[in-house]
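Read the structure below first, then the notes.
In UniProt numbering, the protein residues as written are 1 to 235.
So, in structure tokens, the structure goes:
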């Protein structure tokens, strides 16, 4: 006799975006710093909050991929409940000043878009500012790790506003995305090497002459190794 498989309702299925377990985590449990204009932490905050929503299967409530059902739908009230929860998480992870700008948003998606428009009113201007920052960023008195960390922060922001283009061919072998990623990493490697202090000149030339060229992180490790060697000789 064949077993009857009973399908779970969306509100009871752990794999459903409508599922809210009694012990559901709060974003604060993941040490997500509050969003603040004073801290200039929008991109990092956005990345961490999106990661939390992906873990809880609620990302569709902010990116617009899970639109509100019709009031006659049995999913209407579960959707409203989950959307309210996501909006609650949002408002509890930002400064009081920012809460006022999203408090009256009807949905979590609208609140999310309001924040995006507040922090990035013009994408082209933001890309220009980030590229200008990269062009002027130098190691100076920073350690190699500190300098690389500053670069990485700008690169992360830039990838948010100017991501590597993805191939849209569908199953083709053109490898355009792979080449674009390689070009982006090459650009980052150049930026890292150009901003280093003069004491690394010999190591930089060695890196540039290597065939095949080292990856960004291989170059970083080589420079950091040279820095440690220099420190030993200075003692």
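C-beta atoms are modelled at their ideal positions from N, C-alpha and C, and glycine is treated no differently.
Given the structure is predicted, the values throughout are model-derived calculations rather than measurements.
- By the beta-carbon neighbour count (other beta carbons within 10 angstroms, threshold 16), residue 135 is exposed.
- Annotation: residue 140 to residue 197 spans about 7 Å, alpha carbon to alpha carbon.
- Judged by DSSP secondary structure, residue 152 falls within the alpha helix (DSSP H) whose first and last residues are 144-161.
- Contact check for residue 118 against residue 95 fails: the beta carbons are separated by 8 Å or more.
- Of the other Cβ atoms in all chains shown, fewer than 16 fall within 10 Å of the Cβ of residue 33; this residue is therefore exposed.
- Taking residue 98 as the centre and dropping the five residues before and after it, the same chain places the C-beta of 35, 36, 37, 115 and 118 closer than 8 Å to its C-beta, in chain order.
- DSSP links residue 94 through a beta bridge to 35.
- Of all C-beta pairs linking the region 189-207 to the region 137-152, three or more are shorter than 8 Å, placing the two stretches in contact.
- Contact annotation: the region 69-85 touches the region 9-27, with at least three C-beta pairs closer than 8 Å.
- Residue environment for residue 228: exposed (fewer than 16 other C-beta atoms within 10 angstroms of its C-beta).
- For residue 63, the secondary structure class from DSSP, reduced to helix, strand or coil, is helix.
- Separation of residue 178 and residue 83 (C-alpha to C-alpha, rounded to the nearest whole angstrom) is 37 Å.
- The closest CA to that of residue 50, considering only 68, 86 and 153, is found on 86.
- Going by beta carbons, residue 183 and residue 200 fall outside the 8 Å limit.
- For residue 110, the uninterrupted alpha helix (DSSP H) segment begins and ends at 108-119.
- Taking the C-beta atoms as reference points, residue 52 is found no nearer than 8 Å to residue 109.
- A straight line joining the alpha-carbon of residue 220 with that of residue 133 spans about 20 Å.
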